[in-house]
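Structure record follows, encoded as structure tokens.
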Amino acid sequence: MSTPQSRDVVTRHPFTLMRAKSRESVTPVYPAGAETPKAEERAVIDVEGARMPIRQRFVREQSLGPRSAGQRSLSRRPVGTPGAAAVVPTARGPARWLGTLLPGDPTPGRLLRFAVVNLCTVSVLLLGAYAILLASSGELRWAAACLLGCFCLDGLDGALARRFGVDSPFGAQMDSLADLCGFGVATPLLAYHWLHGTASAYAIGLACAMLAACAMVRLARFNVVPKQVRHFSGLPAAMPPVILAGAILLDVEPAGGHIGLISGLAVLMITTVPYTKFAPLLTLPRWVWPATGAALVVRPTATLGTMIAGYLVSGPVLSIVRRFARSVPAAAGPQPARSASATVAARDPVRSHVRIAIVGAGFAGLGMAIRLKQSGIDDFVVLERAGEVGGTWRDSVYPGAASDVPSNLYSYSFAPDPNWTRTFPTQPEIQSYLNRCAVQFGLDRHLRAGQEMLTSEWVDDAAHWRVDTPAGSLTADVLVVATGPLSKPALPYLPGLERFTGAAFHSATWDPSYDLRGKRVAVIGTGASAVQFIPEIQPEAAELFVFQRTPPWVIPRWDRHKTDLEQGIYRRLPIVQRLARTLVYLWRETLLLSLTSGQSMLKPAEWLARRHLHRQVEDPSLREALTPDYRLGCKRVVLSNTYYPAVSQPNTRLVRSEIREVRPDSIVCADGSEHLVDAIIFSTGFESANMPIAARLRGRDGRLLADDWRDGAQAYLGTAVSGYPNLFMLLGPNSVSGQNSSLLTMEAQVEYIVEAVHLMQRTGVVAVEVSREAQASFVSDVHRRSIGTVWVSGCRNWYLDARGRNTTLWPGLTRSFRQRTRRFDVENYVVHAGVRKPPPAASAGGGVRTPVND
Numbered sequence: 000m001s002t003p004q005s006r007d008v009v010t011r012h013p014f015t016l017m018r019a020k021s022r023e024s025v026t027p028v029y030p031a032g033a034e035t036p037k038a039e040e041r042a043v044i045d046v047e048g049a050r051m052p053i054r055q056r057f058v059r060e061q062s063l064g065p066r067s068a069g070q071r072s073l074s075r076r077p078v079g080t081p082g083a084a085a086v087v088p089t090a091r092g093p094a095r096w097l098g099t100l101l102p103g104d105p106t107p108g109r110l111l112r113f114a115v116v117n118l119c120t121v122s123v124l125l126l127g128a129y130a131i132l133l134a135s136s137g138e139l140r141w142a143a144a145c146l147l148g149c150f151c152l153d154g155l156d157g158a159l160a161r162r163f164g165v166d167s168p169f170g171a172q173m174d175s176l177a178d179l180c181g182f183g184v185a186t187p188l189l190a191y192h193w194l195h196g197t198a199s200a201y202a203i204g205l206a207c208a209m210l211a212a213c214a215m216v217r218l219a220r221f222n223v224v225p226k227q228v229r230h231f232s233g234l235p236a237a238m239p240p241v242i243l244a245g246a247i248l249l250d251v252e253p254a255g256g257h258i259g260l261i262s263g264l265a266v267l268m269i270t271t272v273p274y275t276k277f278a279p280l281l282t283l284p285r286w287v288w289p290a291t292g293a294a295l296v297v298r299p300t301a302t303l304g305t306m307i308a309g310y311l312v313s314g315p316v317l318s319i320v321r322r323f324a325r326s327v328p329a330a331a332g333p334q335p336a337r338s339a340s341a342t343v344a345a346r347d348p349v350r351s352h353v354r355i356a357i358v359g360a361g362f363a364g365l366g367m368a369i370r371l372k373q374s375g376i377d378d379f380v381v382l383e384r385a386g387e388v389g390g391t392w393r394d395s396v397y398p399g400a401a402s403d404v405p406s407n408l409y410s411y412s413f414a415p416d417p418n419w420t421r422t423f424p425t426q427p428e429i430q431s432y433l434n435r436c437a438v439q440f441g442l443d444r445h446l447r448a449g450q451e452m453l454t455s456e457w458v459d460d461a462a463h464w465r466v467d468t469p470a471g472s473l474t475a476d477v478l479v480v481a482t483g484p485l486s487k488p489a490l491p492y493l494p495g496l497e498r499f500t501g502a503a504f505h506s507a508t509w510d511p512s513y514d515l516r517g518k519r520v521a522v523i524g525t526g527a528s529a530v531q532f533i534p535e536i537q538p539e540a541a542e543l544f545v546f547q548r549t550p551p552w553v554i555p556r557w558d559r560h561k562t563d564l565e566q567g568i569y570r571r572l573p574i575v576q577r578l579a580r581t582l583v584y585l586w587r588e589t590l591l592l593s594l595t596s597g598q599s600m601l602k603p604a605e606w607l608a609r610r611h612l613h614r615q616v617e618d619p620s621l622r623e624a625l626t627p628d629y630r631l632g633c634k635r636v637v638l639s640n641t642y643y644p645a646v647s648q649p650n651t652r653l654v655r656s657e658i659r660e661v662r663p664d665s666i667v668c669a670d671g672s673e674h675l676v677d678a679i680i681f682s683t684g685f686e687s688a689n690m691p692i693a694a695r696l697r698g699r700d701g702r703l704l705a706d707d708w709r710d711g712a713q714a715y716l717g718t719a720v721s722g723y724p725n726l727f728m729l730l731g732p733n734s735v736s737g738q739n740s741s742l743l744t745m746e747a748q749v750e751y752i753v754e755a756v757h758l759m760q761r762t763g764v765v766a767v768e769v770s771r772e773a774q775a776s777f778v779s780d781v782h783r784r785s786i787g788t789v790w791v792s793g794c795r796n797w798y799l800d801a802r803g804r805n806t807t808l809w810p811g812l813t814r815s816f817r818q819r820t821r822r823f824d825v826e827n828y829v830v831h832a833g834v835r836k837p838p839p840a841a842s843a844g845g846g847v848r849t850p851v852n853d
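Heads up: the sequence shown begins at 0 in numbering that gives the first Met the number 0, then just goes up one per residue.
As structure tokens, this is what we get:
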């Protein structure tokens with residue numbers, strides 16, 4: 000997890016890192032008297048050495064009855080016994096390997112198109128490497144022919160990729176390597192050998208080095224002008240190798256003047272002037288082509304030079320024409336512009352039933368929606384209580400809000416953003432990132448903004464969820480709760496708070512309109528949010544009272560601005576950003592290991608935090624008050640370089656005494672001291688141990704989830720709850736990472752749910768429900784593994800419930816959680832088969848309506 004803190008997402012290749020999950024099939028248990036499937040409707044599949052018959056589609060005339068009558072279940076029986084679930088991996092070998100390279104559903108057709116596109120890319124790479132070898136050995140003509148082949152195939156693979164809609168991490172990286180090999184190495188090497196002897200080696204080497212350097216810069220800033228527009232700046236990069244190879248093949252005698260030509264072409268490679276595509280040339284009069292061919296035969300050198308010169312001049316001419324065209328007023332009147340909220344608005348007609356309903360449009364809800372679309376599932380809606388996406392990051396607008404997880408790790412693995420401006424992203428950047436993801440992946444028509452889930456109840460005889468919203472009701476076969484643990488702020492009980500006449504608000508509901516300048520401000524709590532906004536408001540406040548119960552561990556925040564070169568490298572070579580993400584992940588995972596098993600490993604971090612405190616706080620008494628008396632990691636470790644200096648300022652006072660009462664204009668402490676204040680800001684965290692959404696969910700037999708969780712929240716893998724069929728949670732109980740990015744465990748849950756939905760589609764299963772035994776075993780294992788971790792070492796934190804039990808964090812490495820959720824373990828679920836009753840027709844005013852913004 001991170002404390003609340005977006006940046007535009009502009010990626011040429013959606014960089015999806017997918018695990019090739021095993022496709023699973025289910026052997027349904029047919030009740031006595033039920034129709035047995037015919038032999039021709041069954042298939043025999045080998046499962047771990049046992050051959051089990053399954054029926055791909057099964058139907059029965061009557062609908063689902065009560066749980067005890069006619070239930071088809073799968074218990075945890077050994078494979079091969081009647082009623083056992085058959086886990087059938089069908090994606091093996093090459094198919095499984097290719098599934099990790101090609102995002103989306105690896106159908107045979109997509110795999111074939113993927114293979115064709117990448118065959119061209121690999122050919123470009125091989126030709127570039129061969130051109131390097133030939134140029135080094137003096138075979139200039141053959142090297143020039145290889146370079147021309149690189150140019151042709153490079154254009155072909157780009158055209159095929161856009162035509163087939165095939166984008167993959169493998170293709171992006173191979174394309175970058177091919178360009179680097181052909182344009183960045185082979186071209187300067189060929190130019191050096193061709194010009195050898197025409198001038199001093201120093202001048203030739205300088206021109207060729209300039210050519211190589213410009214090729215590298217070109218790779219870094221390739222997407223300055225997107226290729227989706229009518230004009231693009233891709234062809235100038237190909238001009239140097241094409242001109243050079245053409246001159247060699249046409250036996251043009253090199254001269255010293257060509258050094259200047261090579262240098263000029265190098266500068267052309269990094270130009271942002273828009274050059275036209277070749278397609279508009281096809282609209283030229285037909286007589287142009289035979290005339291050009293005849294001229295090439297008679298005077299090849301002059302004709303080719305004229306064509307190249309004309310093309311090079313066309314770029315600046317087009318740029319000037321387009322600039323003047325933009326200044327000419329349009330003939331028609333101005334069209335009303337859509338606002339950002341209108342872009343992320345639903346455009347579908349009113350629907351009363353959907354396959355999947357997702358509650359929440361934060362990181363978890365959007366991630367779930369994106370992966371559903373990528374896996375071929377389009378029948379879903381995303382219910383969001385606010386007017387736009389973002390979740391906690393939309394609401395956390397307090398000054399200084401930022402993530403304490405580095406940006407390379409605090410983003411979707413399938414949507415990396417090379418344009419993060421800082422090591423730790425700020426709240427505006429994260430919010431912008433989420434907005435861009437919603438638009439980039441086409442979630443606008445699925446979003447139901449301003450439609451909060453009021454209640455939701457499982458309808459057993461129809462095998463679906465009925466969801467009530469302010470706009471009406473809808474039904475869904477599957478309900479995914481993605482509200483997360485940070486959805487409702489926690490406010491402490493303070494006697495007399497209702498009589499306070501000043502402003503009082505939580506950091507999660509910050510009021511930007513309230514001016515703190517010259518005010519006496521009280522901050523209650525010193526958690527992660529307070530550590531971020533206290534340095535921001537301290538210079539403005541006349542007096543700042545920081546009410547501290549226990550001091551936090553604060554370590555230096557190694558934050559910096561990212562350079563344009565770094566962003567360009569990430570943009571053109573995604574594998575470099577993936578490597579940086581992996582290094583950050585390993586660093587955070589190492590810290591997590593020390594929190595869960597080897598607390599002695601925490602001593603270096605504690606030494607660093609104490610040294611940080613001693614360097615920034617000179618007053619011995621204040622330093623003592625700010626020194627924690629518990630192990631590092633028991634509470635959330637915070638990162639800041641400005642908190643200690645802000646607390647040390649003359650207008651700031653650290654109050655350690657407990658608050659006794661709140662008066663109309665002051666706060667009275669247990670030691671009798673009274674502090675006059677104009678505003679109270681609560682930084683007291685969220686109700687994470689008791690998720691508020693539980694009071695709105697009713698499962699089988701009308702049972703309320705809040706009642707089932709009265710003694711502590713629990714869920715199998717933090718994802719499924721016994722007694723609540725077809726209900727899945729994201730970042731549910733015991734699935735949040737302690738010090739690593741919780742997006743890692745969230746994405747693992749998303750893949751788990753997607754696989755469950757696909758299994759239900761393939762087998763005709765209408766409901767899956769985790770067994771009580773599996774859930775109880777998981778909860779018992781979590782509590783056992785929590786013993787000995789730093790989180791239960793004695794301090795008070797938001798990870799523990801009222802009984803002191805860990806109901807929030809996963810007590811292990813994120814890697815172990817991802818291994819537990821690597822496949823949908825249907826053997827731990829009760830599976831219901833039958834015919835789903837059609838949902839009732841939408842009544843007048845029913846259905847979830849979303850206005851279309853004009």
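Cβ atoms here follow ideal geometry from the backbone N, Cα and C, with glycine treated the same way.
Values in this document were obtained by computation on a predicted structure and should not be read as measured data.
- In this chain, the beta strand (DSSP E) harbouring W464 covers 463-468.
- If you look at Y828, you'll find it in the beta strand (DSSP E) that goes 828-832.
- A check of alpha carbon separations from R556 across V116, A755, V358, F423 identifies F423 as the nearest.
- For a cut-off of 8 Å, the C-beta gap from R655 to Q547 is around 6 Å, short enough to register as a contact.
- For S135, there are no CB contacts under 6 Å within the same chain when 5 residues up- and downstream are skipped.
- Under the criterion of beta carbons closer than 8 Å, A360 and V381 qualify as touching, at roughly 5 Å.
- At the C-beta level, T718 and G737 stay beyond 9 Å of one another.
- Going by DSSP, E772 is part of the alpha helix (DSSP H) stretching over 771-785.
- Nearest neighbour of T641 by Cα position, chosen from S665, R622, D700, Q615, turns out to be Q615.
- Boundaries cannot be given for W708, as no alpha helix (DSSP H) includes it and DSSP labels it neither H nor E.
- Around R802, the same chain offers D710, G711 as residues with beta carbons nearer than 8 Å, after the five sequence neighbours per side are excluded.
- Relative to V749, the option among R819, W708, L704, R695 whose CA is nearest is R819.
- By the neighbour-count definition (other C-beta atoms within 10 Å, threshold 16), P538 is an exposed residue.
- Inter-segment contact for the region 652-668 and the region 813-829 is absent: fewer than three beta-carbon pairs are separated by less than 8 Å.
- The shortest CA-to-CA distance from F532 to any of W509, D476, Y411, Y723 is the one to W509.
- Comparing alpha-carbon positions, the option among R384, E383, I357 lying closest to K372 turns out to be I357.
- Selection P691, P603, T589, P551 evaluated against E623 yields P551 as nearest (Cα-Cα).
- Unbroken beta strand (DSSP E) stretches of 3 residues or longer found wholly inside the region 480-505: 502-505, given in chain order.
- Minimum Cα-Cα distance from R571 among the listed residues D670, G157, G366, M215 corresponds to M215.
- As far as DSSP is concerned, I242 takes part in no beta bridge.
- Remark: C-beta atoms of L675 and R771 do not approach each other more closely than 9 Å.
- A direct Cα-Cα distance of roughly 6 Å separates D800 from T806.
- The region 404-414 makes contact with the region 581-591; the number of CB pairs closer than 8 Å reaches 3 or more.
- The straight-line gap separating the alpha-carbon atoms of G763 and L591 is approximately 41 Å.
- Taken atom to atom, the span from the alpha-carbon of S593 to that of R784 is near 14 Å.
- Nearest to K634 by C-alpha distance, out of L808, M690, L155, is L808.
- About 5 Å separates the CB atoms of L126 and C145; that is less than 8 Å, so the two are in contact.
- Judged by beta-carbon spacing, G632 lies within the 9 Å limit of L601, meaning their Cβ atoms are closer than that value.
- When beta bridges are read from the DSSP output, W457 appears opposite W464.
- Separation of P603 and L625 (C-alpha to C-alpha, rounded to the nearest whole angstrom) is 19 Å.
- A distance below 7 Å between beta-carbons, with the five flanking residues on each side excluded, links K487 to the following residues of its chain, in chain order: F685, E686, P691.
- Using a C-beta cut-off of 8 Å, the region 722-730 makes contact with the region 477-487, since at least three inter-stretch Cβ pairs fall below that distance.
- Note that the C-beta distance between S512 and Y397 is not below 9 Å.
- Between P491 and T683 the beta-carbon gap is near 6 Å, inside 8 Å, which marks them as a contact.
- Contact between G449 and E660 fails: their C-beta atoms lie close to 39 Å from each other, not under 8 Å.
- Taking the Cβ atoms as the reference, L188 lies roughly 20 Å from L249, outside the contact range of under 8 Å.
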